[in-house]
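Under our numbering, the first residue of the sequence shown carries the number 47, and numbering increases by one thereafter. For glycine and all other residues, C-beta sits at the position ideal for the given N, C-alpha and C. Keep in mind the model is a prediction, meaning the values are calculated, not measured. Since the structure comes first, as structure tokens, the remarks are kept for the end.
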Amino acid sequence: MKRKPNVAVVGATGVVGTTFLKVLEERNFPFENLYLMASSRSAGKEVKFKGKTYIVEELTEHSFDKPIDIALFSAGGGTSAKFAPIAAAHGVTVVDNSSQWRMEKDVPLVVPEVNPQDISWNKGIIANPNCSTIQAMVALKPLQDKYGIKRVVYSTYQAVSGSGMKGIHDLKNGLAGDDSHLQAYAHPIAGNCLPHIDVFLDNGYTKEEMKMINETHKILGDDDIKVTATTVRVPVFDSHSESINVELEKPFALSDIVELFRNSPGIVVQDDVEHNVYPLARDAAGTDEVYIGRIRRDFSVDNGINIWVVADNIRKGAATNAVQIAEQLLESLPD
């Protein structure tokens, strides 16, 4: 029988950090000791988990001097850049939710339903993909395996919780009629759609759009797939919605595509347009599945298909995916 690991949650008081704890409890993740870490601002806070009170400790260079097996990080790229290598040097396996390590060649970028085999070659750090990429990969992997993929066009409609508490603040205040103190966005988000997520780059794309393009190639292991993206922030609190247009290598029957999705891990098909059944952000919120609907042929190209993909961006798009990676790591623990 495998021993129970010692686990650390870094960024334990943030939006994703608190969801780490919720998902760990829901999935009854085994552990011997649990350490909660955050910045000096949150140090000393009390957090209740599974009937026990834990004191949040300040993250320092010495936080990993104690025996820790797995650390779930969600504290921003700068924090990960500094502290993840320190943890890894102490023998900790870090699952990092920031963008810091995603495109590093020797760091696996993992969605457990898609490329769990990549976990095995980690050198102490495993990257959690971008939230919008994660749900897209769950949808695209079955298509890649059976038909091959030539081209992908992403159009995303992303919830404000993807911007953390500042994004939630801007939408709440805007809905209350106050757009005078924006914290997350360049423009009011209430009653608006902002085609602007992260910073603009010299090529005219945003950093978020390039994340989806580059991460798709890395996770699916195919740089020849042509990928483009437009990412949009919308006035929704939770769950990202995506219109994904895919050009496949091989011909298909639409009924076979639907059946393929129904039999693929992590996917729930909701596709009954006669009764107005299709994935909705409100229904996906608080769940761990990826919902697919509006499955229809794209008649403008050979072997084209359109799908509508929705998932909770804080759970499957961040915390749950990281915990699923940690569950895979349990198998590699020494007895």
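Alpha carbon of residue i to alpha carbon of residue j, nearest angstrom
i: residue 83; j: residue 354; result: 37 angstroms
i: residue 150; j: residue 172; result: 10 angstroms
i: residue 251; j: residue 230; result: 19 angstroms
i: residue 197; j: residue 274; result: 8 angstroms
i: residue 184; j: residue 157; result: 8 angstroms
i: residue 63; j: residue 120; result: 6 angstroms
i: residue 100; j: residue 59; result: 12 angstroms
i: residue 223; j: residue 117; result: 41 angstroms
i: residue 302; j: residue 206; result: 35 angstroms
i: residue 261; j: residue 113; result: 32 angstroms
i: residue 267; j: residue 130; result: 25 angstroms
Reference residue i, options the options, closest by Cα
i: residue 297; options: 122, 91, 193; result: 193
i: residue 186; options: 271, 347, 57; result: 271
i: residue 162; options: 241, 332, 107, 367; result: 367
i: residue 106; options: 203, 86, 316, 332; result: 86
i: residue 318; options: 340, 102, 347, 243; result: 340
i: residue 338; options: 364, 310, 348; result: 310
i: residue 52; options: 79, 61, 73, 67; result: 79
Beta-carbon contacts of residue i that lie in its chain and below 8 angstroms, excluding the five residues immediately before and after
i: residue 247; result: 253, 256
i: residue 123; result: 144, 145, 146
Contacting residues, own chain, Cβ-Cβ under 7 angstroms from residue i (five flanking each side not counted)
i: residue 127; result: 146
i: residue 344; result: 291, 350, 351, 352
i: residue 378; result: none
Which of helix, strand or coil DSSP assigns to residue i
i: residue 167; result: helix
i: residue 329; result: helix
i: residue 243; result: coil
i: residue 378; result: helix
i: residue 344; result: strand
i: residue 226; result: coil
i: residue 83; result: strand
i: residue 204; result: strand
i: residue 89; result: coil
Residues of its chain near residue i, where Cβ-Cβ distance is below 6 angstroms and the 5 sequence neighbours each way are ignored
i: residue 136; result: 110
Heavy atom of the ligand NAP within 7 angstroms of residue i beta-carbon
i: residue 49; result: You won't find the ligand NAP in this model; it holds no ligand whatsoever.
Would you list, in sequence order, the uninterrupted beta strand (DSSP E) runs of no fewer than 3 residues that lie entirely inside the segment 268 to 301? 272 to 279, 286 to 294
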